[in-house]
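Engineer:
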Amino acid sequence: MPEWLRLALVIAGKDLRAELRSRTAILSAVVFAALVLVVFNFARDPTALAAVDLAPSVLWVTFALAAMLALNRAFTIERENAALDGLLLAPVPREALFAGKLLANLAFVGTVEAVTLPLFVLFFNVDLGAALPGIIGVTALATVGFVTVGTIFSAMAVRTRFAELMLPVLLLPFMVPPLIGAVQVTARLLAGRPLSEMLGWLRLLALYDLVFVILCALVFTAVVDE
Amino acid sequence: MTAPEGPEALVRRGTVITAIALLGVAGVYVLAWGYTPIEARQGVAQKIFYLHVPSAWSALVAFSLVGIVSALYLWLNDPRLDRFAAASAEVGLAFSAVMLTTGPIWAKPIWGTWWTWDARLTLTLFLFFLFIGYLALRAALQDPGERARFSAVIGILGLLLVPFIHLSVYLFRTLHPQPVVLKPSRPSLPPEMLRTLLISGAVFLVLYVGLVTIRYGLAAAEEAGERGDAA
Numbered sequence: 001m002p003e004w005l006r007l008a009l010v011i012a013g014k015d016l017r018a019e020l021r022s023r024t025a026i027l028s029a030v031v032f033a034a035l036v037l038v039v040f041n042f043a044r045d046p047t048a049l050a051a052v053d054l055a056p057s058v059l060w061v062t063f064a065l066a067a068m069l070a071l072n073r074a075f076t077i078e079r080e081n082a083a084l085d086g087l088l089l090a091p092v093p094r095e096a097l098f099a100g101k102l103l104a105n106l107a108f109v110g111t112v113e114a115v116t117l118p119l120f121v122l123f124f125n126v127d128l129g130a131a132l133p134g135i136i137g138v139t140a141l142a143t144v145g146f147v148t149v150g151t152i153f154s155a156m157a158v159r160t161r162f163a164e165l166m167l168p169v170l171l172l173p174f175m176v177p178p179l180i181g182a183v184q185v186t187a188r189l190l191a192g193r194p195l196s197e198m199l200g201w202l203r204l205l206a207l208y209d210l211v212f213v214i215l216c217a218l219v220f221t222a223v224v225d226e
Numbered sequence: 001m002t003a004p005e006g007p008e009a010l011v012r013r014g015t016v017i018t019a020i021a022l023l024g025v026a027g028v029y030v031l032a033w034g035y036t037p038i039e040a041r042q043g044v045a046q047k048i049f050y051l052h053v054p055s056a057w058s059a060l061v062a063f064s065l066v067g068i069v070s071a072l073y074l075w076l077n078d079p080r081l082d083r084f085a086a087a088s089a090e091v092g093l094a095f096s097a098v099m100l101t102t103g104p105i106w107a108k109p110i111w112g113t114w115w116t117w118d119a120r121l122t123l124t125l126f127l128f129f130l131f132i133g134y135l136a137l138r139a140a141l142q143d144p145g146e147r148a149r150f151s152a153v154i155g156i157l158g159l160l161l162v163p164f165i166h167l168s169v170y171l172f173r174t175l176h177p178q179p180v181v182l183k184p185s186r187p188s189l190p191p192e193m194l195r196t197l198l199i200s201g202a203v204f205l206v207l208y209v210g211l212v213t214i215r216y217g218l219a220a221a222e223e224a225g226e227r228g229d230a231a
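Sequence lines, in order, name chains A and B. Take the first sequence: its position 45, counted from the start at 1, is 45 in this note's numbering, and no numbers get skipped. Take the second sequence: its position 151, counted from the start at 1, is 151 in this note's numbering, and no numbers get skipped.
Written out as structure tokens, the structure reads:
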């Protein structure tokens with residue numbers, strides 16, 4: 001295993017251990033996602049619009065809002081007791097530090113999504129059926145993209161006065177391409193369309209992940225080092 | 001910008017350039033009313049074109065320069081680059097506000113709707129939001145070094161975001177008039193309209209230079225003031 005990956009896993013492990021011991025953030029995020037789904041159910045007119053037509057947007061707006069909440073937490077915990085300074089003093093390359101925080105955020109957001117998806121099926125009576133592996137795949141693809149950008153933005157937002165407000169304002173424009181792609185692919189998967197109709201969107205999502213993972217790893221040092 | 005001028009001299013010079021450009025804008029409107037023909041199908045509503053398109057061009061120039069200068073800042077660490085990026089973002093935001101208000105005014109009589117989720121409209125709207133975020137982040141940070149580094153990161157990421165937003169919204173069929181000047185074949189405008197548009201484009205670039213010079217000078221004065229307080 002390369003050294004940077006080992007260090008990244010150590011950092012991610014630290015974050016997840018801290019979270020598993022308190023479990024406050026993950027529980028709040030899951031409850032929040034469930035509440036968003038419930039609110040959505042009352043915000044639609046069941047006689048005018050079939051649940052399956054609305055389902056992709058409901059699912060992705062819920063994922064996006066829950067991810068935003070989860071990302072706020074990533075560097076807030078490092079700010080308390082100046083824990084970030086300790087991390088920066090450790091002989092860890094900045095790219096490994098970024099990868100560690102990214103992996104922890106992905107695990108966190110992924111867990112929230114994994115709990116939200118069955119709730120979504122339950123509340124909206126959507127039959128995933130054969131679409132399930134595809135939906136898991138496109139969720140992973142889109143989530144990597146916006147969590148990468150979100151990780152670097154949350155490191156910046158915690159340094160400001162209104163961190164909880166600053167993160168969504170900065171991040172939402174960057175969430176637009178992955179969200180549009182994910183909604184389009186999810187809608188086609190639920191409608192049982194052939195793969196060829198989704199390929200363009202999947203390429204766009206993969207390219208987004210590639211570009212922003214590399215770029216964010218490169219500029220991360222400008223965010224944490226003076 | 002390299003000349004060792006005081007901030008006051010820069011603000012003065014910027015004000016002169018801006019005043020000249022504003023006279024130019026008035027001149028463009030004299031041309032638009034007196035010189036260009038009335039468009040056959042759109043009527044006088046088309047006249048807003050000489051304001052809308054050049055401000056869109058200037059906004060695009062402003063935002064591209066923010067991205068490029070941000071990358072240069074992370075490399076060279078020159079505070080002047082940061083000051084320029086901030087000035088350019090602010091002026092770009094003003095130009096895109098002009099673009100986003102003149103657009104719907106034209107669209108209501110021509111398209112029959114104020115707003116539509118067309119590819120180009122969506123892209124510019126998100127650019128607008130992106131730079132509001134950029135300026136909000138700058139306002140929320142105290143330390144000048146941190147402010148410069150963070151906003152440079154947003155500037156670079158923003159520049160790379162543009163093609164992605166464009167690609168993803170382009171798949172919704174576009175309603176916006178297709179390019180009439182910057183396209184492979186010859187411009188499809190009558191020569192009077194084309195000349196007026198190009199003059200207006202030049203005038204708006206002068207306006208951009210004037211406003212950025214003022215903002216740059218003011219930022220330099222503010223920084224000098226902060227240093228003076230600390231000493």
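Beta carbons are placed, not taken as given, at the ideal position from N, Cα and C, and that holds for glycine.
(1) Out of curiosity, what's the CA-to-CA distance linking residue 79 of chain A and residue 70 of chain A?
(2) Using a Cβ-Cβ cut-off of 7 Å (strictly less than) and excluding sequence neighbours within five positions of residue 219 of chain B, which residues of its own chain qualify?
(3) Comparing the C-beta of residue 197 of chain B with each C-beta of chain A, is any distance below 8 Å?
(4) Please classify residue 108 of chain B: is it buried, with 16 or more other beta-carbons within 10 angstroms of its beta-carbon, or exposed?
(5) Take the Cβ of residue 73 of chain A as the centre, count every other Cβ of all protein chains shown within 10 Å, and call the residue buried at 16 or more, exposed below.
(6) Report the option in A:102, A:33, A:23 and A:160 whose CA atom is closest to the CA atom of residue 118 of chain A.
(7) Taking only the alpha-carbon atoms, compute the straight-line gap between residue 49 of chain A and residue 41 of chain B and give it to the nearest angstrom.
(8) Which residues in the same chain as residue 154 of chain A place their Cβ atom closer than 7 Å to its Cβ, once the five residues preceding and following it in sequence are excluded?
(9) Can you check whether the CB of residue 124 of chain B is closer than 8 Å to the CB of residue 52 of chain B?
(10) Rounded to whole angstroms, what is the Cα-Cα separation between residue 145 of chain B and residue 226 of chain A?
(11) How far does the alpha helix (DSSP H) with residue 39 of chain B in it reach, from first residue to last?
(12) Indicate whether residue 213 of chain B and residue 17 of chain B have their beta-carbon atoms separated by less than 8 Å.
(13) For the region 56-68 of chain A, list every residue whose C-beta sits within 8 Å of some C-beta in chain B, in sequence order.
(14) Exposed or buried, residue 75 of chain B, counting other C-beta atoms within 10 Å across all chains shown (16 or more means buried)?
(15) How far does the alpha helix (DSSP H) with residue 70 of chain B in it reach, from first residue to last?
(16) Alpha helix (DSSP H) containing residue 151 of chain A: first to last residue?
(17) Residues of the region 126-137 of chain B in Cβ contact with chain A at a cutoff of 9 Å, in chain order, please.
(18) I need the straight-line Cα distance from residue 79 of chain B to residue 46 of chain B, nearest angstrom please.
(19) Just to confirm my understanding: we take residue 89 of chain A, look at its own chain, exclude 5 residues before and 5 after, and list those with CB closer than 8 Å. What are they?
(20) What residue does the alpha helix (DSSP H) around residue 88 of chain B start on, and which one ends it?
(21) Name the chain B residues whose beta carbon is nearer than 9 Å to that of residue 227 of chain A?
(22) Are the Cβ atoms of residue 108 of chain A and residue 19 of chain A separated by less than 8 Å?
(23) Of all the options B:222, B:206, B:223 and B:201, which has the alpha carbon lying nearest to the alpha carbon of residue 57 of chain B?
(24) What are the start and end residues of the alpha helix (DSSP H) that includes residue 190 of chain B?
(25) For a quick check, are the C-beta atoms of residue 150 of chain B and residue 141 of chain B less than 8 Å apart?
(26) Whether or not the region 193-200 of chain A and the region 150-159 of chain B are in contact is what I'm after, with contact meaning three or more pairs of Cβ atoms, one per stretch, closer than 8 Å; do they touch?
Structural biologist: Working from what's here:
(1) Cα to Cα, the separation comes out at about 15 Å.
(2) 83, 86 and 87
(3) no
(4) exposed
(5) Residue 73 of chain A should be labelled buried.
(6) A:33
(7) One Cα belongs to residue 49 of chain A, the other to residue 41 of chain B, and the distance between them is close to 39 Å.
(8) 71, 72, 74, 75 and 167
(9) no
(10) If I take the Cα positions, the gap works out to 8 Å.
(11) From DSSP, residue 39 of chain B is part of no alpha helix (DSSP H); its letter is neither H nor E.
(12) yes
(13) none
(14) exposed
(15) 49-76
(16) Taken as a continuous stretch (DSSP letters only), the alpha helix (DSSP H) holding residue 151 of chain A covers 132-157.
(17) Per Cβ criterion, the list reads 126, 127, 129, 130, 132, 133, 134, 136 and 137.
(18) Rounded to whole angstroms, residue 79 of chain B to residue 46 of chain B spans 43 Å at the Cα level.
(19) none
(20) 79-111
(21) Absent from the structure is residue 227 of chain A, since the part of chain A shown begins at 1 and ends at 226.
(22) yes
(23) B:201
(24) From DSSP, residue 190 of chain B is part of no alpha helix (DSSP H); its letter is neither H nor E.
(25) Yes, Cβ-Cβ distance for residue 150 of chain B and residue 141 of chain B is below 8 Å.
(26) The region 150-159 of chain B makes no contact with the region 193-200 of chain A: fewer than 3 CB pairs, one atom from each, lie closer than 8 Å.
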